[in-house]
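In terms of my numbering, the sequence shown is residues 1 to 134. One structure is given here, and the rest of the page talks about it.
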Amino acid sequence: MRVVPKRRVFHTRTGLALVADAYGDAGARPVVLAHGGGQTRHAWGGAAAALARRGWYALALDLRGHGESGWSPAGEYEFEVFAEDLADVAASLDQSPVLVGASLGGLAAILAQGGAERGPFSAVVLVDVTPRLE
Numbered sequence: 001m002r003v004v005p006k007r008r009v010f011h012t013r014t015g016l017a018l019v020a021d022a023y024g025d026a027g028a029r030p031v032v033l034a035h036g037g038g039q040t041r042h043a044w045g046g047a048a049a050a051l052a053r054r055g056w057y058a059l060a061l062d063l064r065g066h067g068e069s070g071w072s073p074a075g076e077y078e079f080e081v082f083a084e085d086l087a088d089v090a091a092s093l094d095q096s097p098v099l100v101g102a103s104l105g106g107l108a109a110i111l112a113q114g115g116a117e118r119g120p121f122s123a124v125v126l127v128d129v130t131p132r133l134e
């Protein structure tokens with residue numbers, strides 16, 4: 001069965017538009033897919049469609065400055081800002097999503113989840129992420 005995505009736009013607390021492809025039933029449990037640096041939401045297309053076929057509401061997201069999402073007018077691209085964006089997307093959903101993050105998306109997810117008393121995600125799955133130890 002072919003799953004056709006629908007375009008969905010989220011807005012960060014500063015008003016920046018983040019574009020996602022939404023796969024599946026919006027009432028199903030959400031999973032947000034956050035790509036790595038130099039990628040776009042399209043890197044997750046096949047995985048998102050497979051998740052939707054298995055009953056998930058999959059959102060393949062373009063992070064700020066990537067794909068069709070907005071660019072920061074102030075040039076803010078620190079990991080902490082990407083983390084805030086992911087938390088904003090999670091807060092706009094009816095249920096706490098699972099976050100699957102690759103590289104940049106995974107590092108931002110770690111910061112978002114660990115930087116709040118109650119993290120914005122019900123679970124975090126890391127792909128190609130090695131936390132930096134200091």
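Glycine included, each C-beta is placed from N, C-alpha and C at the ideal position. None of the values given here were measured: they were computed from a predicted structure.
Quick check: the stretch 26–42 against the stretch 58–76, are there 3 or more CB pairs under 8 Å?
Verdict: yes, contact present.
Assuming R53 is part of the alpha helix (DSSP H), what are its boundary residues?
45–53
Considering only residues of the same chain and omitting the five flanking positions on each side of K6, which have a CB-CB separation below 6 Å?
Only A22 meet the Cβ criterion.
Does the pairing of the stretch 76–83 with the stretch 51–58 give three or more beta-carbon distances under 8 Å?
no
For the candidate residues G114, A112, S92, whose alpha-carbon lies nearest to that of A26?
S92
Report yes if the C-beta distance between D62 and A102 is below 7 Å; otherwise report no.
no
Using the three-state DSSP reduction, which class does V19 fall into: helix, strand or coil?
strand
Would a C-beta distance cut-off of 7 Å place L99 and F121 closer than the cut-off?
The Cβ atoms of L99 and F121 lie closer than 7 Å to each other.
Which runs of the alpha helix (DSSP H) fall wholly inside the stretch 68–122 and span at least 4 residues, in chain order?
79–91, 104–114
If I measure Cβ to Cβ from A28 and keep anything under 7 Å in the same chain, skipping five residues before and after, which residues do I get?
G55, W56, Y57
Counting along the chain, where does the beta strand (DSSP E) carrying L33 start and finish?
For L33, the enclosing beta strand (DSSP E) begins and ends at 30–34.
Using a Cβ-Cβ cutoff of less than 7 Å, which residues in the same chain neighbour L107 once the five nearest sequence positions on both sides are dropped?
F79, V129
Where DSSP assigns a beta bridge to H11, which residues make up the other side?
A17
Quick one: give me the first and last residue of the beta strand (DSSP E) that A58 is part of.
Taken as a continuous stretch (DSSP letters only), the beta strand (DSSP E) holding A58 covers 57–61.
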